[in-house]
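Engineer:
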Amino acid sequence: MALKKQIEQHELRIASLEVSTSWQAVSDRDPSRVAPITRAVITAINTMLIDLTAAMSHKDWLSHHQRQKQGIRRAHTPGNFRGKQADQ
Numbered sequence: 005m006a007l008k009k010q011i012e013q014h015e016l017r018i019a020s021l022e023v024s025t026s027w028q029a030v031s032d033r034d035p036s037r038v039a040p041i042t043r044a045v046i047t048a049i050n051t052m053l054i055d056l057t058a059a060m061s062h063k064d065w066l067s068h069h070q071r072q073k074q075g076i077r078r079a080h081t082p083g084n085f086r087g088k089q090a091d092q
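Throughout, the numbering used here is defined as the position within the sequence shown, counted from one, plus 4.
#1: What residue ranges within the region 51 to 76 form continuous beta strand (DSSP E) runs of no fewer than 3 residues, ordered along the chain?
#2: Should K8 be flagged as near chain B, meaning a C-beta pair shorter than 8 Å?
#3: Bridge partners for V23 per DSSP, in chain order?
#4: Hey, E22 and T57: beta-carbon distance below 8 Å or not?
#5: Look at the alpha carbon of H68 and the alpha carbon of Q89, and state the distance between them as a whole number of angstroms.
#6: How long is the line joining the alpha carbons of K8 and H62, rounded to whole angstroms?
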């Protein structure tokens, strides 16, 4: 969560291709024309969706590495996997 705190400290806004409402938050529209409640709702929705996307990505990354370890462990059993060979 250190990255999230740094983003908040620097008041950065994130626009993501996967989160279509994030473009509304960083659009060139005059901020004074957008109601404060609308801005707050869009910001909250964007934060939630980006957090959800990050959590799903992290879970996918963990499962990928777990499956990779399982495959290596399975390949070690019959002696098929020797790892990276030393340069000659």
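All C-beta atoms in this analysis are idealised placements derived from N, C-alpha and C, irrespective of residue type, glycine included.
Structural biologist: Once the coordinates are examined:
#1: At a cut-off of 3 residues, not a single continuous stretch assigned as beta strand (DSSP E) sits fully inside the region 51 to 76.
#2: This model lacks chain B altogether, as it is built from one protein chain only.
#3: Position 19 of the sequence shown, counted from the first residue, corresponds to residue 23. Partner(s): S20.
#4: Counting from one through the sequence shown, the residue named residue 22 turns up at place 18. Counting from one through the sequence shown, the residue named residue 57 turns up at place 53. Cβ atoms of E22 and T57: closer than 8 Å.
#5: Within the sequence shown, numbered from 1, the residue matching residue 68 stands at position 64. Within the sequence shown, numbered from 1, the residue matching residue 89 stands at position 85. Roughly 24 Å between the two C-alpha positions.
#6: Residue 8 sits at position 4 when you count from the first residue of the sequence shown. Residue 62 sits at position 58 when you count from the first residue of the sequence shown. Each residue's alpha carbon lies about 14 Å from the other.
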